[in-house]
Amino acid sequence: MFKRRRNKETNGRNEKENRRTEKENRRNERRFGKDLRTPTDSHNLYEEECTELLKELLKLSSKEASLIFKLSQLLEEAKIETIRLSGLIASCKLEDKELASELYKEFEKMFSKYVKKGE
366 MFKRRRNKET
376 NGRNEKENRR
386 TEKENRRNER
396 RFGKDLRTPT
406 DSHNLYEEEC
416 TELLKELLKL
426 SSKEASLIFK
436 LSQLLEEAKI
446 ETIRLSGLIA
456 SCKLEDKELA
466 SELYKEFEKM
476 FSKYVKKGE
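Okay, here's the thing in structure tokens:
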């Protein structure tokens, strides 16, 4: 059997590829400069303030959403009560037409305010 021998040229190339300078060595800590992501004291304070403000903003946004939801529920309730009132006025019309016409004038204001506006 023949033994394969490497020539000097191939060995030299492999050695050059295997050798690396300190700048190329990825494990070398001195390869990189100062880590800019590491916060200093002033940056820490700024980040804490930002975090607190974001938490406050989140709480206020939650309260705003809650109030908007409550307002929409109240508007729906007002619509329902206005429609119920129209039924009561219609039943009142059978008993007393004059009273029903007075109530109907007031009802028209509420109807335009709560029912027509929401549609």
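Every position in the sequence shown, counted from 1, becomes a number in this note's numbering once 365 is added.
For every residue, glycine included, the Cβ atom is placed at its ideal position computed from N, Cα and C.
What you are looking at is a predicted structure, and each value in this text was computed from that prediction instead of being measured.
Would you give the residue range spanned by the alpha helix (DSSP H) that Y479 belongs to? No alpha helix (DSSP H) contains Y479, which DSSP labels as neither H nor E.
Kindly give me the distance between the Cβ atoms of F472 and S456, rounded to whole angstroms, as I take these residues to be in contact under 8 Å. Not a contact, Cβ separation roughly 13 Å.
Please report the straight-line C-alpha distance between V480 and L440, rounded to a whole angstrom. Computed Cα separation, rounded: 9 Å.
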